[in-house]
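Only one structure is covered here, and it is reproduced in the block below.
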Amino acid sequence: MSRLIVISNRVSRPSKGGEQGGLAVALAAALRQSRGIWVGWSGNVTEKFTGQIAFNEDDGVKTATIDLEEQDVDEYYNGYANKTLWPLFHFRIDIAEYARDFEGGYNRVNQRFADTVSPLVEPDDVLWVHDYHMIPLGQMLRRKGHRNRIGFFLHIPWPPTRLLVSLPHHSKLVETLFAYDVVGFHTEEWLESFRHYVEKEMGGSVDGDHVTLGGRTIQAIACPIGIDAPEFIAASKGEAAAKMQEQVRKSLQDRAMIVGVDRLDYSKGLEERFNGYARFLKDNPDIHRQVVLVQIAPPSRGEVESYQEIRATLDALAGRINGEYSDVDWTPIRYVNQGYPRDQLAGIYRAARIGLVTPLRDGMNLVAKEYVAAQDPEDPGVLILSRFAGAATQLKDALLINPYSPEEMSDAIGKALRMPLEERKRRWQAMMQIIEEQDVSWWRSAFAMRLEDAHKVREPQEA
Ligand code: GDG
């Protein structure tokens, strides 16, 4: 087995019961098995960049991290990654910011990562680069002479060509992807948009999974990420989950709970969710007092203005809806800006009759899968899911809705609350089958297999 080197913006450690997600758990297993290493930013800011690498080991996973300068964080992380690429790739060109400093900082930090990774690489290592923060890294490593297998996975959507061309130097950025052997997306839709761009905008060609540009062929594939299903099912049956479920149930006093769990991000459709729920309350006065929406939304990227704005909007909206509909002994929305450990989160999901997942655009959306996995098989809740989440291509037995339509959301909530047990079970079983079959280990192996194959194609091209 080749040694795996994972490179991503942040290194997250898979400590049990902590706040880390499935990705950390999945990659950690592969890193442990291959005695690999995870490289990323430490999250620390230093006055002057030194390039010094801090090596650590946590639960059998080796990590190598670097500190960044304040200017790096402003231009690369808050700037190009989160003010430019994130909104653009989530179809929000109205709030994407284009600034040369951001682009310069992004390339500088990627070069810093290339300089950090390069001395660690041995000839047989397999490198796996993650997400929009690191698009040009592969090309920078190739320029240093590394001929290893290098894969790239994009965790967010790939935007339609007509939107992507609004990015200054868009083709330069996309070209860098051709330094990889395999480029992975969650869904066919994102893959299709990528191929369309390469063909129509750059004059490249597509032949099945093979995409060619300027004499260089890569494999571009759709490979949907899953959750660590066994781990999450076990967590939902564990003690911490049971305790949390009981605590929530008691507080509900027989009311049906609708749950939302999201990083506080404008792409997650939280404003639309609150409006859809308000519409449900308006349409169904007889059900007032019988439902509660619990929205868990830990703040993220607070230094970026659009995140401050969505937070203020939601504060006001939750306040307005609660003001309009609350009674002395009933509050329709419990809006919570704190995160919970994963095992407690599993209990919160399990206590909910409905999982309400309404992103306006989402690469995949793991919350949808976690909600389903946490349900009691004998009395499962109903998932209401946006058709614009990558997860909708797999979870076809959810109630799929258009999150921009408050009426559709209202109807779906009504339908979910009335849904007979038999139908709930049938839908849940169908979704669960996919969640268990295509879990995070499946995703990791599927991608790794393609990477293994791809290398066989690359060698002769370079000869
Ligand atoms: C990106 C893409 C893609 C949330 N609140 C708490 C908490 N979380 C965890 C969830 C879930 C994770 O965060 C969020 O994952 P999502 O997939 O829903 O969304 P993003 O963070 O935007 O992730 C997305 C993903 O990458 C993977 O490729 O699916 O489309 O945008 O695991 O449970 N975890 C804990 N407490 C919280 O309060 N412990």
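Residue numbering for the sequence shown follows full-length UniProt numbering, beginning at 1 and increasing consecutively.
Even for Gly, the Cβ is constructed at its ideal location relative to N, Cα and C.
Bridge-paired residues (DSSP) for residue i
i	result
H288	Its beta-bridge partners do not exist; DSSP assigns none.
L127	I5 and I150
D207	H210
T217	T212
P136	Answer is none; P136 lacks a bridge partner.
K62	I37 and E57
T46	E69
L399	I384
Q295	G260 and Y335
Contact under 9 angstroms by Cβ, residue i with residue j
i	j	result
H169	E201	no
W38	S2	no
G276	T358	yes
D115	G51	yes
T46	F55	no
D181	I135	no
E69	K83	no
G269	P157	no
R444	L173	no
L154	G363	yes
R32	D67	no
G138	A99	no
A229	I435	yes
R142	P123	no
I401	R418	no
R311	R289	no
8 angstroms Cβ shell around residue i - same chain, five flanking residues per side excluded
i	result
Q111	M140
N78	R301, E303 and V304
A351	M244, Q245, V248, R249, L252, M257 and V259
G18	Residue confidence for G18 is low, a pLDDT of 44 falling below 50, so the modelled location carries little weight; the figure read from the coordinates is stated next. Excluding sequence neighbours, G18 sits near P341 and R342.
Q438	P224, G226 and Q394
A81	N9, Y106, Y132 and H133
K144	A114 and S118
I321	F274, Y277, A278, L281, P332 and I333
E348	Here residue 348 turns out to be Ile, not Glu, going by the sequence shown. Contacts found: M244, Q245, V248, V259, V261, V294, I296 and Y340.
L399	V382, L383, I384, L385, A412, K415 and A416
A463	For A463, the pLDDT reaches just 36, beneath the cut-off of 50, and the residue's location in the model is therefore unreliable, leaving the point undetermined.
L314	L264, L270, E271, F274, A297 and Y335
A430	K396 and D397
L191	W158, F185, A220, I221 and A222
W442	G226
residue 473	Because the chain spans 1 through 463 in this model, residue 473 falls outside it and cannot be assessed.
Proximal residues to residue i (C-beta, below 7 angstroms), its chain only, five neighbours per side dropped
i	result
F232	A346, E370, A373 and A374
N365	V357, P359, A389, G390 and A391
R450	V182, Q219 and I221
A318	F274, I333 and Y335
S326	P332
P159	L88, F89, F91 and S193
E212	Note that residue 212 is Thr in the sequence shown here, rather than Glu. Counting only Cβ-Cβ distances below 7 angstroms, and skipping sequence neighbours, we find G204 and S205.
Check: residue i C-beta below 8 angstroms from any heavy atom of the ligand MG
i	result
P299	By its list of ligands, the structure shown excludes the ligand MG, since it contains just the ligand GDG.
Residues near residue i by beta carbon distance below 6 angstroms, same chain, minus five either side
i	result
F447	G184 and C223
A29	none
P460	Residue placement at P460 is poorly supported in this model, since its pLDDT is 49, which falls under 50; the coordinates still yield a value, given next. Answer for P460: no residue qualifies.
A454	D181, V182 and Q219
K16	Reliability of the predicted coordinates at K16 is poor, the pLDDT of 46 falling under 50, and the value obtained from them is presented with this limitation in mind. Correct list: empty, nothing qualifies.
Q344	A240 and M244
residue 475	Not covered by the structure: residue 475. The range shown for the chain is 1 to 463.
Test: residue i CB closer than 9 angstroms to a CB of chain D
i	result
P359	Included in the structure is just one protein chain, with no chain D present.
TODO: Assess, as a yes-or-no matter, whether the region 111-121 is touched by the region 89-98 under the definition of 3 or more beta carbon pairs within less than 8 angstroms.
DONE: Between the region 89-98 and the region 111-121 there are fewer than three inter-stretch CB-CB distances shorter than 8 angstroms, so the stretches are not counted as touching.
Task: contact_flag[the region 328-337, the region 283-300] where n(CB pairs < 8 angstroms) is 3 or more - done: In this structure the region 328-337 touches the region 283-300; the number of beta carbon pairs closer than 8 angstroms is three or more.
Open item on the list: Tell me whether the region 249-267 and the region 303-310 touch, counting them as touching only if at least three CB pairs, one residue from each stretch, are closer than 8 angstroms.
Closed with: Flag = yes, the region 249-267 and the region 303-310 touch.
Task: the region 405-424 contacting the region 273-283, beta-carbon criterion three pairs below 8 angstroms - done: With three or more CB-CB distances shorter than 8 angstroms, the region 405-424 counts as touching the region 273-283.
Task: Given 8 angstroms, three or more beta-carbon pairs between the region 375-386 and the region 321-335 - done: Contact between the region 375-386 and the region 321-335 is absent, with fewer than three C-beta pairs closer than 8 angstroms.
Task: Meets three-Cβ-pair contact criterion under 8 angstroms: the region 383-398 and the region 357-369 - done: Enough Cβ pairs lie closer than 8 angstroms, so yes.
Open item on the list: With a threshold of 8 angstroms, are at least 3 pairs of Cβ atoms found where one atom belongs to the region 29-45 and the other to the region 67-86?
Closed with: These segments touch.
- [ ] Evaluate contact between the region 120-134 and the region 159-178, counting only Cβ atoms and requiring at least three cross-stretch pairs below 8 angstroms.
- [x] As far as the Cβ criterion goes, the region 120-134 does not touch the region 159-178, which means the pair count is below three.
Open item on the list: Under 8 angstroms, with one C-beta from each stretch per pair, do the region 346-361 and the region 379-388 reach the 3-pair mark?
Closed with: With a cut-off of 8 angstroms, the region 379-388 and the region 346-361 count as touching, because enough Cβ pairs lie within range.
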